[in-house]
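Counted the way mature numbering (1 follows the signal peptide of the UniProt record, and there is no 0) counts, the sequence shown spans residues -20 to -1, 1 to 480.
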Amino acid sequence: MDNIWVLPLLFLIYFVVLDAYKRSKRQQLRKPPSPPGYPIIGNLHQLGVLPHQSLWTQSKKYGPVMLLNLGKVPMVILSSVETAKQALRDHDIHCCSRPTAAGFRELSYNNLDIAFSPFSDYWKDVRKLAIKELFSTKQVHSVKPIMDEEVKKLMDSVVESASQKIPISINKTFLDLTKRVVCKAAFGVSFEGIGIKSDGFNKLVREAFEMLGSFSAADFIPYVGWIIDQFTGLQGRRERSVRDLDAFYEYVIDLHKEEKKQGREDFVDLLLRLEKEGTVLGNDNLTKNHIKAILMNILLGGVETSAITLTWAMTELSRNHRVMKKVQSEIRNQMGNKSIISFDDTDKLTYLKMVIKETWRLHPPIPLLSPREALSEFEINGYTIKAKTRLHVNVWAIGRDPDTWKDPEEFFPERFMDNSIDAKGLNFELLPFGSGRRICPAIFMGTTMVECGLANMLYNFDWKLPEGIMVEDIDMEESPGLSVSKKNELLLVPMKYLDH
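Put into structure tokens, the structure is as follows:
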């Protein structure tokens, strides 16, 4: 009698094990394909210096939904229009949080930043503040005098170089323009007015972007990752970047508290006024740390990304004589005898807008959209994306996808002539500002700065390469970081256009 239960028990165990095995197989089949990795580090070694390029190469083999294991952290890379649409539109609510990676965590004042959970009352209030106050159409139009003034200063400096036939660095020229506009619009003063030299300011911003784009071993390798960060010097660089930025914000805020402001209210004035009025963000009153975190987004989001687009646009135009002449002809025919083109004028410049779209397609400022983190399980292309998985949309790869674009490596602005694709986040072929709940709230301001800056440079000057340099010599190398700028300087000789 003791053995009567043995056979049924064995059958029960068999079916339980079989069911578990089948479930495991089903889950395994739904897991995104992944390149083989190593123990402990997983696929970390496969990221390369320029991860968006390395991941694009891998995705050609493993598909548009690809899983990488970065140490202990699973990360899914999406590299097609359809998969981006599923993540950023269909499942936006499931993956609109962001991981508290070391670079973001330490540069965001204890997570007091619009980079984190969109379901928190704080995040919603800050985003509402950004859209309603900081980047409203009214606020952007209030920046017009600043933009006109700084563009005129830029034109005057380029005229001087043109008179001497001296090559200028396009990279530095556009970076100077964008940082001057952003500093005056946001902080009410020029960077010289706060005691920082141009090169020092450039280094401050670039270092912060490199830290935000860095992959910290502490995030991916348990227990010993922090040792690696210390050994490589990454932790020290990050701490210095945080200290330098914090000192910058402290100085700017103190300067505004000391002065009695007259005239236009800049972003710092606005935030200090809201702090004084006891504005509530989430469950807390607006504090100095909140203000610093918001200024962090404005500084890093507004200065370098616009300059990057402007530089890549001039690079591509310098390599494409036909397009350069066509866009200059449009601007000069439409603008007549204006001395400065304001952003109100750029609505007439249809082909210029196509040139900028084509630049964003090939050279998105943030090639891997800032990381998201899955809040709950969902599927993309039939593959299961588990909670806590990080997601990156490789917009750089989407811009080069031959299934989406004809002759994707060619710079051909006319491809936008007969379609309604824009950069506002609803067309997933072109996502320079992202999409969904995480879309950049400063689209209008960023677009305005790019259109105005490029239009004036093309309107007032013709451009040629320095003596001895051929079109074939223009390199297209990229520099690493969260944003991807042109690695080497683009040197061009300006020639004053005399017909106006």
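For every residue, glycine included, the Cβ atom is placed at its ideal position computed from N, Cα and C. Note that this is a predicted model, so its numbers are computed, not measured.
Is the beta carbon of Ala64 less than 9 Å from the beta carbon of Phe408? By 1-based counting over the sequence shown, the position of residue 64 is 84. By 1-based counting over the sequence shown, the position of residue 408 is 428. Yes, the Cβ-Cβ distance between Ala64 and Phe408 is below 9 Å.
Glu219, enclosing alpha helix (DSSP H) - first and last residue: As a position in the sequence shown, residue 219 is number 239, starting the count at 1. Residues Leu214 to Glu238.
Bounding residues of the alpha helix (DSSP H) (the contiguous stretch that carries Asp249): As a working mapping, residue 249 is identified with position 269 in the sequence shown. Start and end: Phe247 to Lys256.
If I measure Cβ to Cβ from His25 and keep anything under 6 Å in the same chain, skipping five residues before and after, which residues do I get? Translated into positions along the sequence shown, residue 25 becomes position 45. There are no such residues.
Meets three-Cβ-pair contact criterion under 8 Å: the stretch 364 to 378 and the stretch 51 to 69: yes
By DSSP, does Asn374 sit in helix, in strand, or in coil? Taking the first residue of the sequence shown as position 1, residue 374 is located at position 394. Asn374: strand per DSSP, three-state reduction.
Please name the residue, chosen from Ile423, Val473, Glu469 and Gly405, that lies closest to Leu438 on a Cα-to-Cα basis. Taking the first residue of the sequence shown as 1, we reach residue 438 at position 458. Closest by alpha carbon: Val473.
Can you tell which of Val283, His343 and Leu261 has the C-alpha that lies nearest to the C-alpha of Glu458? Against the sequence shown, residue 458 aligns to sequence position 478. Comparing Cα-Cα distances from Glu458 to each of Val283, His343 and Leu261, the minimum goes to His343.
Please identify the residue among Ile365, Asp226, Thr364 and Tyr477 whose C-alpha is closest to the C-alpha of Gly316. By one-based count along the sequence shown, residue 316 stands at place 336. With distances taken between Cα atoms, Gly316 lies closest to Tyr477.
Inspect the CB distances between the stretch 297 to 315 and the stretch 274 to 288 and report whether three or more fall short of 8 Å. no
Identify whether Phe451 lies in helix, strand or coil by the three-state DSSP scheme. On the sequence shown, residue 451 is found 471 positions in, with the first residue counted as 1. According to the sequence as given, residue 451 is Val; it is not Phe. In the structure shown, Val451 sits in a helix (DSSP, three-state: H, G or I).
Under 9 Å, Cβ to Cβ, is there at least one residue of chain D near Ile278? Protein chain content of the structure displayed is limited to a single chain, and chain D is not contained in it.
At what residues does the beta strand (DSSP E) containing Asp136 begin and finish? As a position in the sequence shown, residue 136 is number 156, starting the count at 1. Where Asp136 is concerned, there is no enclosing beta strand (DSSP E), although the alpha helix (DSSP H) it sits in stretches over Lys124 to Gln144.
His236, buried or exposed, once every other Cβ within 10 Å from all chains shown has been counted against 16: Stepping through the sequence shown from its first residue, residue 236 is reached at position 256. Buried, since its Cβ has 16 or more Cβ neighbours within 10 Å.
Considering only DSSP beta bridges, list what Leu352 is partnered with. Here the question's residue 352 lines up with position 372 in the sequence shown. This sequence places Arg at residue 352; Leu is not what is there. Leu371, per the DSSP bridge assignment.
Leaving aside the five residues before and after Leu266 along the sequence, list all residues of the same chain whose C-beta is less than 6 Å from its C-beta, in chain order. The residue given as residue 266 occupies position 286 in the sequence shown. If we look at Leu266 and ignore the five residues flanking it on each side, its Cβ neighbours are Leu254, Glu255 and Thr259.
Give the C-beta separation of Ser59 and Ala377 to the nearest angstrom, bearing in mind that I take them to be a contact with Cβ-Cβ under 8 Å. Locating residue 59 in the sequence shown gives position 79, where the first residue counts as 1. Locating residue 377 in the sequence shown gives position 397, where the first residue counts as 1. Contact flag correct, Cβ pair sits at about 4 Å.
In three-state DSSP terms, what is Met55? The sequence position of residue 55 within the sequence shown is 75, counting from 1. In the structure shown, Met55 sits in a strand (DSSP, three-state: E or B).
Compare the Cα-Cα distances from Val29 to each of Leu462, Ile454 and Asn151 and report the closest residue. Sequence index remark: in the sequence shown, residue 29 carries index 49 (1-based). Of the candidates Leu462, Ile454 and Asn151, the one whose C-alpha sits nearest the C-alpha of Val29 is Leu462.
Would you decide whether Ile20 is buried or exposed? Buried here means 16 or more other CB atoms lie within 10 Å of its CB. As a first step, residue 20 is located in the sequence shown; it is residue number 40 there, counting from the start. Exposed is the call here.
Report the CB separation of Met127 from Phe323 in whole angstroms; it is logged as a contact under 8 Å. Translated into the one-based positions of the sequence shown, residue 127 becomes position 147. Translated into the one-based positions of the sequence shown, residue 323 becomes position 343. Confirmed, about 6 Å.
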